[in-house]
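Colleague: The structure's right below; bear with me while I get my questions together.
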Amino acid sequence: MEIEKNIETLKSCRYCPMCRHVCTSGNLSYHESDYPRGRGLLLDKIYNNNLEYDPDIVNSIYNCFLCGCCWSNCEGNYKMHELIKSARIDIVNSGFAPQAAEDIKSRLLSGKNPFGGNNTVYKAEERKAGLLYIMGDNIKFNDHAIVRIVEDLLSKLKVDYSLLNDEPPDGKILSLLGYHKDSKELAEKLYIRINEINPKVILVSDPLVYDLLKNDYPSFGFKIDPATKVMHISQYLAKLLKNRKLKLKKSNNKITLLDSEFLGRFNKIYDEPRMILKEIAGESFVEMRWVRDKTLSAGEAAFVFNDKLFSDGNLLGKKICKEAKDIEADTIVTLSPTAKENLSGCKDLKIVDIAELVLGQLSDGL
Amino acid sequence: MRLKKTSYMFDMILFELADIVGKENVSIKKSDKIAYSVDYYWTAELWHDKGLESPEPDYIVHPENSGQVSRIMKLANEYKIPVTVWGGGAGSQGGALPVAGGIILDTKKLNKIYDIDLYSMTVTTGAGIIMQHLEDALEKQGVSTMHIPASSFCSTLAGFIVHRGTGVLSTRYGKIEDMVISMEAVLPTGEIINTPTVPKTASGPDLNSFFIGSEGTLGIITKVTLVIRKMPETREFQAFIFDNIHTGIEVGRKLMVEGIRPSVIRLYDEAETKGLIKRVLGIDKKGAYLVYGIEGHKEIVDLELKRAYKIGNEYNGEDLGSKMGKQWWDQRYKFFYPPYMFALPQAFGTCDTVATYSNVEKIYWAMKKAAEETFPDIRFIGHFSHWFDWGVMLYARFIFDDPPEDPHESLFRYNKAWNVTVRAALSEGGVINEHHGVGLKLSRMMKEQYGNSFEIIKGLKEVLDPNGILNPYKMGLGVK
């Protein structure tokens, strides 16, 4: 069983309730089976007492946001999110994958929108350039606005960039759903295209894609040219700012930042987005109550299937919205398209992706 | 009444519960039943570990207001279905286990904060709120309940109240029961009652105390008004090493009776100093480690620190300074996480008790002697962590590192270890527990502590819960 790889976590977490207060899924449903301790108990029954997966146990395992909040608040440094990922692999291998996950897989493998919506992909123009922007599956199918903004921004900044026409699926979603083998096969197609181009910079807006390139690729045995820099848009813009190649207008808006777990907690990118926001908002930049390693989940691994497979991302968005109102922010800046989608119900505040914010604040004369 | 799942009555009752709380707030899923079959009680963990059958609920409900709790209790009385209240499920005494099956009533959705009154310094909140969530909300206003034990992360406010919980700052601010102003509760028969708006009345017995420490046997607390305090201007620490616990207890006693107002004093015995303090804090010293904290306005704190230091010095304590004291504060919760906590396959128990200064050291030695004379393979350790004007709590623990493989034999020895240690405490003027409660674990010991006065508690149960459906088997109150 794949969960054997995380056996110490299983042993330690099955009876420990100490991360209850930060568990994203548990504190949405308040069901014991949606907290790490509950999931640990269930997996322990399966591993040690031959209990079989059933749809309810499977749902509990798939309800986890994989956000790592429990890990960040664990004195023992146990990675429950890794245990859950391995349990999902076991579930898939045992033939118990939930139907919603199966549907996503088959759509992805046939080149369709994994989320079942419009199958129209963003029309990209590929050209020879030093910077390659990878959209990833979510943006490619569902968030064309973000890629338009990024294109507009890069053009205005006179950056030599390209996208891939017919960008292959990235494989990250399947990886998170437990389809390890399929994920690797899909990811390989994108990997081959990247290597053919061999760009100096790979730029992404989606932290899931960033995490794929940084962490899944090495685990798949894929090697990107060490000279190629993989950058999230916030890192890239911060670098331009630092090198005085980006001038931004000031804003009086009270801006706060929603950290990203896949960018921050798993890849330690915290300072660059803050550098941009402080440049724009100065003293009007306000921090959330929980930030950096202690940040609450932005719901990035909940994708956008509210009520279908995972806990309700919009419900999480309401909580984040309240946190922002508590610090009297009027704008929440997000670092991922899913986080922005999860906050779509937050009507009283302005919700903007970091690229969108920067585009709006570009100084004249660039 | 136990119902077969195949019986249509099972579905009829399921429908009635869903009609009360909404379909999404009632569960009969196997995944939930397993998750609610184990709390933080060693025996429940052992049973799970050995693959034995754990008692499971038939239904799990998540009411969102006291009206729903009331209707659930009325329904349960109609059909005589046992109801076990579940907060964070973090109790170590088995109090939340559904040993009679029936309904688990999870209170975590009773979590609305109604009012933070910064003028009167009170907060009114749903009693099922996870304590840390309440603290987070209060912290934004610069205040706190000052009830912040490690279990704040996982336990609910009502869970603390019904087990008479003690926080890390209890020496200054009291136990949770000292912080309760008033409450709303649902009686076992479903009536919703409110206690008087303030507790200091000269109008009969204190109704709050009917429910404080009742462990979900006499009612379900649904809303509470608590005292809150301003965050202190400064919080300072000092640590010492003393030759032995006798000197340490004397220093702690002096700190209390000389009118210094520490927020925390913690004295570890030689075994814990050598083991836990070294492992968790990295402080490698022989003797008994003592740390105290003093907080409040800086000028007053400075003065109190000076007086406290003088006492420590008079008893020839090795001065570890404020840094090693602060180190304890910063890592105070680390003790409760794996891998620092004891864990299966070890058999372990915290037999905390409380007594006057005249008795407490005698109790420590009597418990240690009883444990070690009965079991050559037992380890006995302890620390003194909640200090009062008249005495102190002893957080005694026993550990079997290599218990029998057979769970029945292991449980028998475990229960015996409890009997001998708790009886030793009782014989020297202690009580069966200080802040974890009674639950299932110590149920059999209630009569030994109370003698014939236990009839008062039994009578109360009889009157409030005539069908005996609320949390049966717990707290010595048996089952109907």
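Heads up: the sequence lines are chains A and B, in that order.
Position one of the first sequence corresponds to residue 3 (the numbering used here), numbered consecutively onward.
Position one of the second sequence corresponds to residue 50 (the numbering used here), numbered consecutively onward.
We treat Cβ as the ideally placed atom computed from N, Cα and C, and that holds for glycine.
Quick one: using the 10 Å Cβ neighbour count with 16 as the cut-off for buried, is residue 143(A) buried or exposed?
Modeller: Under this definition residue 143(A) is a buried residue.
Colleague: Is there a C-beta anywhere in chain B that falls below 8 angstroms from the one on residue 338(A)?
Modeller: No, residue 338(A) does not count as interfacial toward chain B.
Colleague: I'd like to know whether the C-beta atoms of residue 348(A) and residue 315(A) end up nearer to each other than 8 angstroms.
Modeller: Taking 8 angstroms as the Cβ cut-off, residue 348(A) and residue 315(A) do not qualify as a contacting pair.
Colleague: I need the DSSP call for residue 358(A), collapsed to helix, strand or coil.
Modeller: It is helical.
Colleague: Of all the alpha helix (DSSP H) runs that stay within the bounds of the region 374-425 of chain B, which reach a length of 4 or more residues?
Modeller: With a minimum length of 4 residues, the continuous alpha helix (DSSP H) runs that stay inside the region 374-425 of chain B are 406-423.
Colleague: For the alpha helix (DSSP H) containing residue 117(B), name the first residue and the last one.
Modeller: Looking at the DSSP string, the run of the alpha helix (DSSP H) that includes residue 117(B) is 115-128.
Colleague: Given 7 angstroms as the limit, tell me if residue 89(A) has its C-beta closer than that to any heavy atom belonging to the ligand ADP.
Modeller: Questions concerning the ligand ADP fall outside what the structure shown contains, since it holds no ligand whatsoever.
Colleague: If we ignore side chains and look at the alpha-carbon of each, how far apart do residue 5(A) and residue 89(A) end up?
Modeller: Roughly 6 angstroms separates the two Cα atoms.
Colleague: Helix, strand or coil, according to DSSP, for residue 491(B) in the structure here?
Modeller: Here residue 491(B) sits in coil by DSSP.
Colleague: Closest to residue 493(B) by C-alpha separation, out of 408(B), 481(B), 429(B), would be which residue?
Modeller: Among 408(B), 481(B), 429(B), the Cα nearest to that of residue 493(B) is on 481(B).
Colleague: Extract the residue ranges of the alpha helix (DSSP H) inside the region 292-353 of chain A, only unbroken runs of 4 or more that lie entirely within it.
Modeller: Segments of the alpha helix (DSSP H) lying fully in the region 292-353 of chain A: 315-328, 339-344.
Colleague: Checking the sheet assignment: what are the DSSP bridge partners for residue 288(A)?
Modeller: According to DSSP, which records beta bridges pairwise, residue 288(A) is partnered with 258(A).
Colleague: Can you list, in chain order, the residues of its chain whose CB lies under 8 angstroms from that of residue 405(B), leaving out five sequence neighbours each side?
Modeller: Answer for residue 405(B): 439, 440, 478, listed in chain order.
Colleague: Apart from the five residues on each side of it in sequence, which residues of its chain come closer than 8 angstroms, Cβ to Cβ, to residue 128(A)?
Modeller: Closer than 8 angstroms at the Cβ level, and outside the excluded window around residue 128(A), lie 164, 165, 166, 167.
Colleague: Does the Cβ-Cβ distance between residue 19(A) and residue 125(B) come in under 8 angstroms?
Modeller: For residue 19(A) and residue 125(B), no; Cβs fall outside 8 angstroms.
Colleague: Starting from residue 163(A), follow its DSSP beta bridges and name the residues at the other end.
Modeller: DSSP, once it has assigned bridges, lists 133(A) as partnering residue 163(A).
Colleague: Mapping DSSP to helix, strand and coil, what is residue 173(A)?
Modeller: Three-state result, residue 173(A): coil.
Colleague: Using the beta-carbon of each residue, which ones in chain A are nearer than 9 angstroms to residue 313(B)?
Modeller: Per Cβ cutoff of 9 angstroms: no residues; residue 313(B) is ~19 angstroms from chain A at best.
Colleague: Skipping 5 residues on each side, what residues in its chain have a beta carbon closer than 6 angstroms to that of residue 563(B)?
Modeller: Shown here, chain B extends from 50 to 529; a query on residue 563(B) therefore has no answer.
Colleague: What did DSSP end up calling residue 481(B) once you bin it into helix, strand or coil?
Modeller: Correct three-state label for residue 481(B): coil.
Colleague: Under a CB-based cut-off of 8 angstroms, is residue 451(B) close to chain A?
Modeller: Cβ-Cβ to chain A under 8 angstroms: no for residue 451(B).
Colleague: Quick one, are the C-beta atoms of residue 401(B) and residue 295(B) less than 8 angstroms apart?
Modeller: Their beta carbons are not under 8 angstroms apart, which means residue 401(B) does not touch residue 295(B) by this criterion.
Colleague: Measure the CB-CB distance between residue 75(B) and residue 108(B) and report whether it falls below 8 angstroms.
Modeller: Yes.
Colleague: According to the neighbour-count rule (16 or more other Cβ atoms, all chains shown, within 10 Å of its Cβ), is residue 305(B) buried or exposed?
Modeller: Label assigned to residue 305(B): buried.
Colleague: Find out if the Cβ-Cβ distance for the pair residue 154(A), residue 80(B) is shorter than 8 angstroms.
Modeller: No.
Colleague: So, using beta-carbon positions, are residue 236(B) and residue 242(B) closer together than 8 angstroms?
Modeller: It is a contact, given that the beta carbons lie within the stated cut-off.
Colleague: Residue 94(B) CB to nearest chain A CB: under 8 angstroms?
Modeller: Closer than 8 angstroms to some Cβ of chain A, the Cβ of residue 94(B) qualifies, so yes.
Colleague: Taking the straight line between their C-alpha atoms, what separation do you get for residue 263(B) and residue 253(B)?
Modeller: Distance between the alpha carbons of residue 263(B) and residue 253(B): 19 angstroms.
Colleague: Return the CA-CA distance between residue 164(B) and residue 182(B), expressed in angstroms with no decimal places.
Modeller: C-alpha separation (whole angstroms): 14 angstroms.
Colleague: Closest Cβ-Cβ distance between residue 375(A) and chain B: below 8 angstroms?
Modeller: Only positions 3 to 368 of chain A appear in this structure, which leaves residue 375(A) out of reach.
Colleague: List, in order along the chain, the chain B residues whose C-beta lies closer than 7 angstroms to that of residue 277(A)?
Modeller: Under the 7 angstroms cutoff, chain B gives no residues; its nearest Cβ is about 26 angstroms from residue 277(A).
Colleague: Which of helix, strand or coil does DSSP assign to residue 368(A)?
Modeller: Summary for residue 368(A): the model assigns pLDDT 49, below 50, so the residue's position carries little reliability, and this model does not support an answer.
Colleague: Would you mind telling me which residues of chain A sit closer than 7 angstroms to residue 139(B), beta carbon to beta carbon, in chain order?
Modeller: Within chain A, the residues near residue 139(B) are 19.
Colleague: Distance, Cα to Cα, residue 444(B) vs residue 403(B)?
Modeller: Each residue's alpha carbon lies about 9 angstroms from the other.
Colleague: Can you tell me whether residue 246(A) is buried or exposed? The criterion is at least 16 other CB atoms within 10 Å of its CB, across all chains shown.
Modeller: Result: exposed.
Colleague: Taking beta-carbon pairs under 9 angstroms, can you tell me which members of the region 385-406 of chain B lie near chain A?
Modeller: Flagged, chain order: 385, 386, 387, 388, 389, 390, 392, 393.
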